[in-house]
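What follows is one structure encoded as structure tokens, with my remarks underneath.
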Amino acid sequence: AVEGAPAFLVEPHAWYVIAYTGPLATALTFLIVLQMTQRLSPVTVSVCMLGVPVVGITLSSLIFGEALSADLLMGVALICLGLLIPALPRMAWRRSAGVL
Numbered sequence: 005a006v007e008g009a010p011a012f013l014v015e016p017h018a019w020y021v022i023a024y025t026g027p028l029a030t031a032l033t034f035l036i037v038l039q040m041t042q043r044l045s046p047v048t049v050s051v052c053m054l055g056v057p058v059v060g061i062t063l064s065s066l067i068f069g070e071a072l073s074a075d076l077l078m079g080v081a082l083i084c085l086g087l088l089i090p091a092l093p094r095m096a097w098r099r100s101a102g103v104l
């Protein structure tokens with residue numbers, strides 16, 4: 005049986021969250037990414053963007069106490085591995101050149 009449309013109850017303070025998430029957070033993030041793409045190489049921007057979920061998961065765990073499941077931790081580990089792979093040639097070059 006179809007129950008109809010879900011009830012849409014919005015608390016008064018929810019409008020502040022909607023106003024922040026929509027125009028402020030989204031627009032600010034877009035502008036920051038746009039500036040990054042104009043100043044940095046595409047590879048650097050891509051690698052930085054890969055780190056966004058790791059930062060979000062870490063902050064949600066630390067600030068809100070959200071539980072980290074095994075599959076979530078595995079995903080974070082794979083993302084971190086993906087972040088490390090582009091840096092390996094540069095790290096090897098620095099090591100061979102004696103640069104710290």
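Numbering-wise (this note's numbering), the sequence shown opens with residue 5 and increments by one. Ideal Cβ placement from N, Cα and C applies to all residues, glycine included.
Asked                                                                                                       : Found
Host alpha helix (DSSP H) of residue 88 (start-end)                                                         : 74-88
Inter-stretch contact (C-beta, 8 angstroms, three-pair minimum) for the segment 36-43 and the segment 55-65 : no
Beta-carbon proximity check, residue 87 vs residue 51, cutoff 7 angstroms                                   : yes
Collapsed DSSP secondary structure at residue 14 in the structure displayed                                 : coil
Residue 50, DSSP secondary structure in three states                                                        : helix
Span of the alpha helix (DSSP H) around residue 63                                                          : 56-68
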